[in-house]
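Numbering (the working numbering), first residue to last: 52 to 346. Backbone N, C-alpha and C fix where the C-beta goes; we use that ideal spot for every residue, glycine too. Bear in mind that the values here come from a model prediction, so they are computed numbers and not experimental data.
What follows is the structure in structure tokens.
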């Protein structure tokens, strides 16, 4: 798997012309590593950050009686962002395929959940399926885009990764439970336990600038789920969608939703792993202090 698109490779080379002259030891080196980590995270969030920014901007600036509905603008803008990212080589074709899959998977779940009253989209739109504006699928796609991009940007490798078929079974069970719990007992606690058992020993090794770092994969899932929960609070505050208890006035999204986003992370990660297969840590890189040239 190529780590960078041609544009990203040019950015990486330009960054190295600056970074390679900076201190390699002590507090300064640690600060540089942290700065590069933040910049790469921001780059991985490019699509999701653009979508969230548009949701915020249109919350304040969209006219009440505009000829084009706000939701329709968000849908068309998301399409334009995707095309631009491909055209300017900010995204790979494989990542675009992941986004398409996530849009379909997310829209199907949205249609069911809105019909069940789990949440609503309070504004009108033309591009919609039932009560679901089509821009909503891109919010799920933003998660898939982030996971696909971060895997290659940070050159992620894994140790003790579970057999792929077991992760696919878990993914299918979690997705099924998002629908089935409306009719039968909610199995999410069992799914939490299964997730922990499956990934308990899995460690992700990621390259920032000069060094590889490591983190239990379960911790990574939780951290990403937490940031999605923060983004969801921004989305509901912007009235892009609303939960029933927010209909009469905005309140923060319940922290209990973090569990749902954690499980969604598993679905997202497994779907991405079918496109970008998890790669093991090479023998010569087993030492976590290995120096790496690429940023």
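Close beta carbons around residue 338, own chain, < 7 Å, minus the five adjacent residues each side: No answer about residue 338 holds up, because its pLDDT of 49 lies below 50 and its placement is not dependable.
- prompt: Does the separation of the CB atoms of residue 153 and residue 194 fall below 8 Å?
  reply: yes
task: Go through the region 102–170 residue by residue and report every complete run of the alpha helix (DSSP H) that reaches 4 residues or more, in order.
output: DSSP runs (the alpha helix (DSSP H)) wholly in the region 102–170: 121–138 and 144–166.
query: If you draw a straight line from the alpha carbon of residue 151 to that of residue 331, how long is it in whole angstroms?
result: 27 Å
- prompt: Would residue 316 count as contacting chain B if we go by Cβ distances under 8 Å?
  reply: No chain B appears in this structure, which consists of one protein chain only.
Limits of the beta strand (DSSP E) - the one that residue 266 falls within: 263–267
message: Quick check for students: name the residue ranges of the beta strand (DSSP E) that lie wholly in the region 288–336, counting only runs of 3 or more.
response: none
- prompt: With a Cβ-Cβ cutoff of 8 Å, do residue 207 and residue 255 count as a contact?
  reply: yes
- prompt: Could you give the distance in angstroms between the alpha-carbon of residue 242 and the alpha-carbon of residue 305?
  reply: 20 Å
query: In three-state terms, what does DSSP make of residue 344?
result: In this prediction, residue 344 has a pLDDT of 40, which is less than 50 and means its spatial position is unreliable; what the coordinates show is noted afterwards. Correct three-state label for residue 344: coil.
query: Would residue 120 pass as a contact of residue 176 if the rule is Cβ separation under 8 Å?
result: Contact flag set, yes.
query: Would you call the CB atoms of residue 99 and residue 209 closer than 8 Å?
result: no
field: Integer-rounded CB distance, given that residue 321 should sit under 8 Å from residue 218
entry: 5 Å
- prompt: Buried or exposed: where does residue 299 fall if 16 or more other Cβ atoms within 10 Å of its Cβ makes it buried?
  reply: exposed
query: Between residue 124 and residue 289, what straight-line distance do the alpha-carbon atoms span, to the nearest angstrom?
result: 15 Å
task: Starting from the Cα of residue 66, find the closest Cα among 83, 79, 76 and 77 and give me that residue.
output: The shortest C-alpha separation from residue 66 is found at 83.
- request: For residue 78, count neighbouring C-beta atoms within 10 Å of its own C-beta (all shown protein chains included) and say buried if the count is 16 or more, exposed if not.
  value: By the Cβ-count criterion, residue 78 is exposed, with fewer than 16 other Cβ atoms from all chains shown falling within 10 Å of its own Cβ.
query: Hey, quick one: how far does the beta strand (DSSP E) through residue 210 stretch, first residue to last?
result: 208–210
message: Quick check on residue 344: buried or exposed, where buried means 16 or more other Cβ atoms within 10 Å of its Cβ?
response: Model confidence at residue 344 stands at a pLDDT of 40, short of 50, so the residue's coordinates are unreliable; what they give is reported in the following sentence. Counting the other Cβ atoms within 10 Å of the Cβ of residue 344 gives fewer than 16, which makes it exposed.
task: Give a yes or no on whether the C-beta atoms belonging to residue 163 and residue 234 are separated by under 8 Å.
output: no
query: With burial defined as no fewer than 16 other Cβ atoms inside 10 Å of the residue's Cβ, what is the status of residue 202: buried or exposed?
result: buried
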